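Residue numbers (the working numbering), protein chains in the order written: chain A, 1 to 175; chain B, 176 to 477; chain C, 478 to 606.
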Amino acid sequence: MQLRDKYRIALLSAFALGIHGIESLFPAPIPWLRLGFANIITLATLVLYGMYPAIMVTLIRVILGSLFSGTFLGPAFLLSLGGGIASTLAMGLVLSAVPRLFSVVGLSIIGALFHNISQLIIAYFFFVQRIEAILLITPFIILLGTLTGTLNGFISEMLINNLKNSAQTIQNVSQ
Amino acid sequence: MDTLVTITVVSRSSSDADEAIDKGFHEIERLEKAANFYSPDSEISQINTHAGISAIKVSSDILELLTKARYVSEKTDGAFDPTIGPVIALYDFHKKIKPDDAAIIKNLSLVNYHDMVINRDQSTVFLRKKGMLIDPGGIMKGYAAGRAAEVLKKHGIVSGIVAIAGDIRAYGLKPDGSPWRVGIRDPGAQEQDKVMATLELRDMSISTSGDYERFFILNGRRFHHLISPKTGYPAEECQSASIITTEGALSDAFATGIFILGPEKGMKVLEEIGLEGIIIDRKGSLHTTPGIRGRLELKNPA
Amino acid sequence: MNLRTLLDKTTAADRLFFLLLIILSLSGIFFIREILPESQTVLIDADGKPAYVLPLNEDKTVSVEGSEGKTIVEIRGKRVRIMDSPCRNKLCIRQGWVETGGVVCLPNKVVVTIRGHEENDRGVDAVTR
Chain A
1 MQLRDKYRIA
11 LLSAFALGIH
21 GIESLFPAPI
31 PWLRLGFANI
41 ITLATLVLYG
51 MYPAIMVTLI
61 RVILGSLFSG
71 TFLGPAFLLS
81 LGGGIASTLA
91 MGLVLSAVPR
101 LFSVVGLSII
111 GALFHNISQL
121 IIAYFFFVQR
131 IEAILLITPF
141 IILLGTLTGT
151 LNGFISEMLI
161 NNLKNSAQTI
171 QNVSQ
Chain B
176 MDTLVTITVV
186 SRSSSDADEA
196 IDKGFHEIER
206 LEKAANFYSP
216 DSEISQINTH
226 AGISAIKVSS
236 DILELLTKAR
246 YVSEKTDGAF
256 DPTIGPVIAL
266 YDFHKKIKPD
276 DAAIIKNLSL
286 VNYHDMVINR
296 DQSTVFLRKK
306 GMLIDPGGIM
316 KGYAAGRAAE
326 VLKKHGIVSG
336 IVAIAGDIRA
346 YGLKPDGSPW
356 RVGIRDPGAQ
366 EQDKVMATLE
376 LRDMSISTSG
386 DYERFFILNG
396 RRFHHLISPK
406 TGYPAEECQS
416 ASIITTEGAL
426 SDAFATGIFI
436 LGPEKGMKVL
446 EEIGLEGIII
456 DRKGSLHTTP
466 GIRGRLELKN
476 PA
Chain C
478 MNLRTLLDKT
488 TAADRLFFLL
498 LIILSLSGIF
508 FIREILPESQ
518 TVLIDADGKP
528 AYVLPLNEDK
538 TVSVEGSEGK
548 TIVEIRGKRV
558 RIMDSPCRNK
568 LCIRQGWVET
578 GGVVCLPNKV
588 VVTIRGHEEN
598 DRGVDAVTR
C-alpha cells in the first residue's frame with residue numbers, strides 16, 4: 001500500500017468516525033430512521049479510490065466507533081459490522097460489474113438496502129429468532145432506508161464533486 | 176384414579192407453575208386415597224366396614240365432602256344419595272352384570288342418606304344400618320378439582336383450570352385476558368371430545384353427568400351408572416346434565432342428582448336454589464336455566 | 478450545485494430502483510397490516526426466549542432482562558410501548574405507543590409483539606363430560 005493511500009484511509013476513516021459519533025448524539029427524527037451519514041464517506045471512498053480503501057474505512061469506523069462507545073463485540077457492533085460490510089461490498093460489486101448503470105445516488109440506495117437486509121438477517125439469526133417480528137419491521141426499514149439512502153447519495157455526489165475539484169486545484173497549484 | 180386429570184396454570188415462571196401443578200396433583204391423590212371406595216384402608220372404607228357398628232373419626236376433608244353430599248341429597252330430595260353404594264355394588268359395568276330385581280329391592284332398603292350420621296363436633300361419621308355403603312363417586316372428583324384449585328391459589332397461581340375427567344374448576348383469567356372456555360360434550364356423539372356447546376367459566380366449577388360415561392348394553396337395553404336411589408335402575412330421562420356452581424363438590428353432586436331427577440324436576444330444583452345448568456333430555460332437546468342462555472355458545476346445531 | 482443539476486446526474490436505473498423499493502416497501506407495510514389479526518395478547522421475548530405473555534387489555538408495566546440490561550415495557554389502554562431501555566439509540570422508546578404489530582429493541586434483544594387470540598376462540602380449555 002502506498003503511503004498516500006494510508007493517509008487517505010486514515011483521513012476518510014476519521015471523517016466517517018466523526019460523522020458516526022455526531023449522528024449518534026442526535027435523536028432520530030422518526031423511529032427506525034438512522035440516517036447512516038457515515039455511509040456517505042464509504043461511498044465517496046469507493047467511487048474515488050476503489051473497493052479496498054472503502055472496506056478499510058468501513059472496518060475502521062465500525063471497530064473504532066464501537067470501542068469509543070463501549071459496544072465492541074456487542075449486539076450493536078455485530079449489526080453495525082454486518083451492515084457496513086454488506087453495504088460496502090454490494091456497492092463495490094455493482095460499481096465494478098455495471099459501472100455506468102447507477103449514479104452515486106443509485107449506489108447509495110443499493111448500499112442502504114443491503115445494509116438493512118443484512119442487519120435484519122443478523123438480527124433474526126442472533127437475537128430475535130421470531131420471523132414474524134422481523135417481517136413486521138422489514139418494509140418500514142426498507143422504506144426509510146431507501147429515503148435516507150437517496151439523501152445520502154445526493155450528499156455523496158456533492159462531496160465527490162468537491163473532492164475532485166479540490167484535488168484538481170491542488171494538482172494545478174503543484175504544477 | 177383411572178381418570179384423566181389435567182391442570183393448567185398461568186404463571187410468570189415455569190418453575191413456579193411446575194411446583195404448583197405438582198402440589199395440585201398431590202392434593203388430588205391425597206383426597207383420592209382418603210375417599211377411595213375400593214381401597215380397604217381408605218377413610219370411606221373404614222366408615223363402610225363399621226356400618227351399623229360404630230362411628231368413625233374422619234379427616235376434615237371427608238367430613239366436608241360428606242356434609243356437602245348430604246346437602247345436595249336434601250336439595251334433590253334424595254335423587255343424589257351418597258349411600259347408593261349397596262345398589263351400585265350389584266352392577267358390574269365391566270362384566271356387564273345386571274342384578275336381578277329381588278337383589279335390587281333388598282339393597283335399596285339400605286340406601287338412605289338420612290341414615291348417614293355426621294357429627295361435626297366430633298368429626299365422626301356413622302352409618303346406621305349394617306351393609307350400608309357410602310359411594311363418593313358422584314361428588315369426589317368435583318370436590319378434588321375444587322380443592323386442587325385452592326392449592327394452586329395457595330401457591331401463588333393467579334389463574335388456573337383443573338379438570339378431573341369432566342369435573343372442572345376454573346379461576347382467574349387466561350394470559351390474553353379472557354376467561355377459561357369450557358366445552359360441554361355432545362352426549363349423542365361417539366367421540367369423547369365432540370363438543371356441543373362452549374361457555375366461559377370464571378371462578379366457577381362445572382360438572383357433567385352423562386349416560387355415556389360408564390354403561391353396558393344387555394338384551395338391547397342400555398344400563399348406565401347413574402342409578403336412581405328410588406328405583407335402583409338407571410335414570411332414563413336425560414342424556415346429560417351439566418351444572419355450574421361456585422364449588423366443585425356441589426357441581427359434581429348436583430350434576431348426578433339433577434340427571435336422575437330429569438329435565439322438569441331438575442330445572443325446578445336448579446331455579447329454586449339459583450344454580451345454572453344445562454340438561455339434554457332423552458330426545459336430545461336442550462334445557463337451560465335462564466342465567467346461562469346468553470353465555471352458552473352452541474356449536475353447529477345439527 | 479443546485480437540486481436540478483443533482484437530479485440530472487441520476488440515471489434511469491437509479492430512478493427505477495428507487496420507485497421499485499418504495500412501492501415494494503409500501504405494499505409490504507400494507508400487506509403486513511392486513512395479515513395481522515385482531516390483537517389481544519402481548520408477547521415479550523428477551524434474549525430470544527419468551528419472557529412474558531400478557532393480555533393487551535390489562536394495564537401493566539413489566540421489566541425484562543435483555544442482553545444489556547432491563548427494558549421496561551408498559552401496557553396501557555390497549556397499547557404497548559417500551560418505556561425505558563438500556564440501548565444506546567433508544568429507537569424502541571421513540572417508537573412510542575403501538576396498537577398493532579410490535580416494538581423491537583435490537584441492541585437489548587427485546588421483542589414485543591401484539592398477537593391475536595384467534596386459536597383460543599375456536600378451541601376450549603377443557604371439556605366437561
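Think of the CB as a built atom: it goes at the ideal place given N, C-alpha and C, for glycine as much as any other residue.
Small disclaimer: the values here were computed from a predicted structure and weren't measured.
Exercise for the section: Please determine if the stretch 288–298 of chain B and the stretch 331–340 of chain B are in contact, where contact requires at least 3 C-beta pairs separated by less than 8 Å. Expected result: Cβ pair count under 8 Å is below three, so no.
Exercise for the section: Starting from C:Pro563, find everything on chain A with Cβ-Cβ shorter than 8 Å and list it in chain order. Expected result: Simply none; closest approach about 11 Å.
Exercise for the section: Report the residues of the stretch 327–347 of chain B with a CB closer than 9 Å to any CB of chain C, ordered along the chain. Expected result: Listed in chain order, the positions of the stretch 327–347 of chain B with a beta carbon within less than 9 Å of a beta carbon of chain C are Ile336, Val337, Ala338, Ala340, Gly341, Asp342, Ile343 and Ala345.
Problem - Any non-hydrogen atom of the ligand MG closer than 7 Å to A:Ser118 Cβ - result: You won't find the ligand MG in this model; it holds no ligand whatsoever.
Handout entry: For B:Ile418 and B:Asp310, the rounded distance between their alpha carbons
Key = Straight-line spacing of the CA atoms in B:Asp310 and B:Ile418 works out to 20 Å.
Exercise for the section: Answer with buried or exposed for A:Gln175, where buried requires no fewer than 16 other C-beta atoms within 10 angstroms of its C-beta. Expected result: Confidence at A:Gln175 is low in this model, with a pLDDT of 49, below 50, so its placement is unreliable and the value that follows should be read with caution. So A:Gln175 counts as exposed.
Problem - Interface residues of chain C facing B:Ser284 [CB-CB closer than 9 Å] - result: By Cβ distance, chain C contributes nothing, its closest Cβ being about 33 Å from B:Ser284, past 9 Å.
Handout entry: B:Ile237 beta carbon less than 8 Å from that of B:Ala210
Key = Contact flag set, yes.
Problem - Start-to-end residues for the beta strand (DSSP E) that takes in B:Leu302 - result: Counting along the chain, the beta strand (DSSP E) containing B:Leu302 begins and ends at Thr299 to Leu302.
Exercise for the section: For the beta strand (DSSP E) containing B:Phe391, list its first residue and its last residue. Expected result: Counting along the chain, the beta strand (DSSP E) containing B:Phe391 begins and ends at Phe390 to Leu393.
Handout entry: Alpha-carbon to alpha-carbon, B:Val184 and B:Ala323
Key = Here the C-alpha atom of B:Ala323 lies approximately 12 Å from the C-alpha atom of B:Val184.
Problem - Three-pair Cβ contact test at 8 Å for the stretch 204–224 of chain B versus the stretch 269–278 of chain B - result: They do not touch, by the three-pair rule.
Problem - Local conformation of B:Tyr266 per DSSP, three classes - result: DSSP places B:Tyr266 outside both helix and strand once states are collapsed to three, so it counts as coil.
Exercise for the section: State yes or no: is the C-beta of B:Gly347 within less than 8 Å of the C-beta of B:Val333? Expected result: Taking 8 Å as the Cβ cut-off, B:Gly347 and B:Val333 qualify as a contacting pair.
Practice task
Take A:Leu12 and list the residues in its own chain whose beta-carbon comes closer than 6 Å to its own, dropping the five residues that flank it on each side.
Solution key: Take A:Leu12, set aside five residues on each side of it, and the residues of its chain with a beta-carbon closer than 6 Å to its own are Ile41, Thr45 and Val57, in chain order.
Problem - Proximity to C:Phe508 [Cα-Cα], best of C:Gly578, C:Pro563, C:Val588 and C:Leu531 - result: A check of alpha carbon separations from C:Phe508 across C:Gly578, C:Pro563, C:Val588 and C:Leu531 identifies C:Gly578 as the nearest.
Practice task
Please report how far the alpha carbon of C:Pro514 lies from the alpha carbon of A:Leu135, in whole angstroms.
Solution key: Annotation note: pLDDT 49 at C:Pro514 (below 50); position unreliable, coordinate value reported separately. C:Pro514 and A:Leu135 have their C-alpha atoms roughly 15 Å apart.
Practice task
Please look up how many angstroms separate the CB atoms of A:Ile142 and C:Leu498, rounded, as I've assumed it's under 8 Å.
Solution key: That pair is a contact at about 6 Å.
Handout entry: Members of the stretch 53–79 of chain A that neighbour chain C once the beta carbon cut-off is set at 8 Å
Key = Answer in chain order: Ser69, Thr71, Gly74, Pro75, Ala76 and Leu79.
Exercise for the section: Can you check DSSP and say which residues form a bridge with B:Arg396? Expected result: Under DSSP, the beta-bridge partners assigned to B:Arg396 are B:Leu393.
Handout entry: DSSP-derived helix/strand/coil call for B:Met371
Key = In the structure shown, B:Met371 sits in a strand (DSSP, three-state: E or B).
Handout entry: Which of helix, strand or coil DSSP assigns to B:Pro354
Key = Secondary structure at B:Pro354: strand, using DSSP grouped into helix, strand and coil.
Problem - Residues bridged to B:Gly385 [DSSP beta-bridge criterion] - result: Bridge pairing for B:Gly385: B:Ser415 [DSSP].
Exercise for the section: Following the continuous alpha helix (DSSP H) through B:Ala244, name the residue where it begins and the one where it ends. Expected result: Here the alpha helix (DSSP H) through B:Ala244 covers Ser235 to Lys250.
Practice task
Scan the stretch 372–402 of chain B for residues whose Cβ lies nearer than 8 Å to a Cβ of chain C and list them as they occur along the chain.
Solution key: Cβ contacts with chain C come from Thr373, Ile381, Ser382, Thr383, Gly385, Tyr387 and Glu388.
Exercise for the section: State the Cα-Cα distance for the pair C:Ser516 and C:Leu480, rounded to the nearest angstrom. Expected result: Unreliable positioning characterises C:Ser516 in this predicted model, as indicated by a pLDDT of 48, which lies under 50. The coordinate reading is nonetheless provided below. C:Ser516 and C:Leu480: Cα-Cα distance of roughly 45 Å.
Handout entry: Nonlocal neighbours in the same chain, by C-beta distance under 8 Å from B:Arg187, ignoring five residues either side
Key = Closer than 8 Å at the Cβ level, and outside the excluded window around B:Arg187, lies no residue.
Exercise for the section: Please check if any C-beta of chain B sits within less than 8 Å of the C-beta of C:Pro514. Expected result: Below a pLDDT of 50, predicted positions are generally treated as unreliable, and C:Pro514, at 49, falls in that range; the measurement from the model is reported next regardless. Answer no: the Cβ-Cβ gap between C:Pro514 and chain B never drops below 8 Å.
Exercise for the section: Mind reading off the beta-carbon distance from B:Gly423 to B:Ser380? Whole number of angstroms is fine, and I expect it under 8 Å. Expected result: Indeed, because the Cβ distance is near 4 Å, the residues count as touching under 8 Å.
Handout entry: Distance, B:Ala195 Cα to B:Ser426 Cα
Key = Roughly 24 Å between the two C-alpha positions.
Problem - N- and C-terminal bounds of the alpha helix (DSSP H) containing B:His330 - result: DSSP places B:His330 outside any alpha helix (DSSP H), giving it a letter other than H or E.
Practice task
Look at the Cβ atom of A:Ile63, then the Cβ atom of A:Phe37, and state whether they are nearer than 8 Å.
Solution key: Not in contact: A:Ile63 and A:Phe37 (Cβ atoms no closer than 8 Å).
Practice task
Starting from the Cα of C:Asp536, find the closest Cα among C:Ile591, C:Gly573, C:Arg556 and C:Lys586 and give me that residue.
Solution key: If we check each option's Cα against that of C:Asp536, C:Arg556 comes out closest.
Problem - Selection of the stretch 535–554 of chain C by Cβ proximity to chain A, strictly under 8 Å - result: Taken in chain order, the members of the stretch 535–554 of chain C whose beta-carbon sits within less than 8 Å of a beta-carbon on chain A are Ser544 and Glu545.
Problem - C-beta contact flag for B:Ile293 and B:Leu240 at 8 Å - result: The beta carbons of B:Ile293 and B:Leu240 sit no closer together than 8 Å.
Practice task
Please check if any C-beta of chain B sits within less than 8 Å of the C-beta of C:Arg606.
Solution key: Yes, C:Arg606 counts as interfacial toward chain B.
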